[in-house]
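What follows is one structure encoded as structure tokens, with my remarks underneath.
Chains as they are written, first to last, in the UniProt record's numbering: chain A, 1 to 198; chain B, 1 to 198.
See the structure below:
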């Protein structure tokens, strides 16, 4: 679950509710998940669930908006200062892989909510964080071009290539199986930066 | 809409129904879309809709299973025979971009149905076509390694990188705006094959 709920205030119960809800939203959708479903899946009473969250929307907001904002903050905090742009691009990718690995269900719920977040205003705010994330990778690529590490090219498209590789991981990467997500992200960096060509 | 319905048997009406349904499924989900919604969006009576399709599931099957199978056949038919593997990989990517551009809503409906296709058996059949599609790009990469065009690397991961770039297009590419999808696919090929490095 997102880092902000890992503090001392957050109970294990809240973490369990968020993680379970994220899995339910991801597999059966927002509309297909009721507070009763969440309580049952957590093996707690509905009244205990309502003690922690006013309604389903509050849970959903914590997962989706929270995970987008925290992804950006998580990644920004892991870029080595003063390093070459290419090193920072690699760190950007590895950090995203690590975030994905840690907060897997929140990531998936957030991704599948893309098309139909029930609240337009919240979707707009998520998009602002999403744009900041995308802006960050573009700026890193621009810096790499400026210092001559990357050849002159279509920066927005190169940024999308990097993000596509990372964003598609949830569709095929299995938890606790095969290469860990941060390593996959680094292998992708290697392929994209150096190219497949012999 | 999928090529198989472009034949002489297919009426414009059926194409309209499939295209409209695909858009509705993609935006409000399978459960959130009723036969009444489809009829209204097509501006036709429910009885005329039922004249063409027995139920919502038949429409859904035509869109999702149909579009996966036809994507594979469409792409296979566009690989230049006898050409170098790298040329065929580029053709694979451009053909996928063209298919995406032509059958956009079917593509999106098919993608969003990934997590919750109401019929397990059909989902299994779609996965077989999906595997064949993925098998094709892996084989092309292996051939490119054998002839020395591509350096020895993790073939499944390189295939996933190619597919991630293509599969993520529906999340950002706007119809009739910016670079056409086949050109985007070719630009991605260029970046992945040659690398971003100067």
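All residues carry an ideal CB built from backbone N, CA and C; glycine is no exception.
What's the gap between the Cα of residue i and the Cα of residue j?
i                     : j                     : result
residue 93 (chain B)  : residue 182 (chain B) : 8 angstroms
residue 111 (chain B) : residue 174 (chain B) : 16 angstroms
residue 62 (chain A)  : residue 88 (chain A)  : 29 angstroms
residue 44 (chain A)  : residue 161 (chain A) : 43 angstroms
residue 155 (chain A) : residue 188 (chain B) : 12 angstroms
residue 192 (chain A) : residue 179 (chain B) : 21 angstroms
residue 20 (chain B)  : residue 184 (chain B) : 26 angstroms
residue 28 (chain B)  : residue 104 (chain B) : 16 angstroms
residue 73 (chain B)  : residue 95 (chain B)  : 10 angstroms
residue 102 (chain A) : residue 163 (chain A) : 18 angstroms
residue 119 (chain B) : residue 83 (chain A)  : 51 angstroms
residue 167 (chain A) : residue 136 (chain A) : 15 angstroms
residue 34 (chain B)  : residue 40 (chain B)  : 10 angstroms
residue 194 (chain A) : residue 144 (chain B) : 16 angstroms
residue 158 (chain A) : residue 138 (chain A) : 8 angstroms
residue 56 (chain A)  : residue 22 (chain B)  : 28 angstroms
residue 77 (chain A)  : residue 100 (chain A) : 15 angstroms
residue 190 (chain A) : residue 32 (chain B)  : 42 angstroms
residue 172 (chain B) : residue 30 (chain A)  : 23 angstroms
residue 176 (chain A) : residue 64 (chain A)  : 24 angstroms
residue 106 (chain B) : residue 106 (chain A) : 27 angstroms
So with CB distances below 7 angstroms, who are the chain B contacts of residue i?
i                     : result
residue 164 (chain A) : 164, 165 and 168
residue 128 (chain A) : Going along chain B, no residue has its Cβ under 7 angstroms from residue 128 (chain A), so there is no contact; the nearest lies around 16 angstroms.
Considering residue i, what are the terminal residues of the alpha helix (DSSP H) in which it resides?
i                     : result
residue 129 (chain A) : 120-146
residue 56 (chain A)  : 56-76
residue 16 (chain A)  : 12-28
residue 85 (chain A)  : 85-102
residue 183 (chain A) : 181-194
residue 37 (chain A)  : 35-42
residue 171 (chain A) : No alpha helix (DSSP H) holds residue 171 (chain A); DSSP gives it neither H nor E.
residue 48 (chain A)  : 46-52
Under 8 angstroms between beta-carbons, which chain A residues line up against residue i? List them in chain order, please.
i                     : result
residue 158 (chain B) : 191 and 196
residue 161 (chain B) : 165, 188, 191 and 192
Run through chain A and tell me which residues come within less than 7 angstroms of residue i, C-beta to C-beta.
i                     : result
residue 72 (chain B)  : The contacting residues do not exist; residue 72 (chain B) stays about 17 angstroms from chain A at best.
residue 187 (chain B) : 154 and 157
residue 107 (chain B) : Per Cβ cutoff of 7 angstroms: no residues; residue 107 (chain B) is ~14 angstroms from chain A at best.
Here's a check: name, in chain order, each residue in its chain whose Cβ is nearer than 6 angstroms to the Cβ of residue i, leaving out the five neighbours to either side.
i                     : result
residue 108 (chain B) : 26 and 170
residue 98 (chain A)  : 182
residue 53 (chain B)  : 59
residue 71 (chain A)  : 99
residue 165 (chain B) : 188
residue 121 (chain A) : none
Quick one: which chain B residues come within Cβ less than 9 angstroms of residue i?
i                     : result
residue 149 (chain A) : 196, 197 and 198
residue 176 (chain A) : Those do not exist, as residue 176 (chain A) stays about 18 angstroms from chain B at its closest Cβ, beyond 9 angstroms.
Enumerate in chain order the residues of its own chain whose CB-to-CB distance from residue i is below 7 angstroms, with the five nearest sequence positions on each side excluded.
i                     : result
residue 140 (chain A) : 85, 88, 89 and 92
residue 16 (chain A)  : 42
residue 37 (chain B)  : 24
residue 152 (chain B) : 145
Skipping 5 residues on each side, what residues in its chain have a beta carbon closer than 8 angstroms to that of residue i?
i                     : result
residue 68 (chain A)  : 110, 126, 129, 130 and 133
residue 186 (chain A) : 90, 93, 94 and 97
residue 149 (chain B) : 84, 85 and 86
residue 80 (chain A)  : 87, 88 and 91
residue 46 (chain B)  : 35, 36 and 39
residue 75 (chain B)  : 92, 95, 96, 99, 133 and 136
residue 142 (chain B) : 155
Cβ closer than 8 angstroms: which chain B residues qualify as neighbours of residue i?
i                     : result
residue 184 (chain A) : 157
Going by alpha carbons, who is nearest to residue i out of the options?
i                     : options                      : result
residue 66 (chain B)  : B:34, B:82, B:55 and B:18    : B:18
residue 49 (chain A)  : A:12, A:152, A:146 and A:195 : A:12
residue 147 (chain A) : B:79, B:38 and B:197         : B:197
residue 14 (chain B)  : B:51, B:70 and B:177         : B:51
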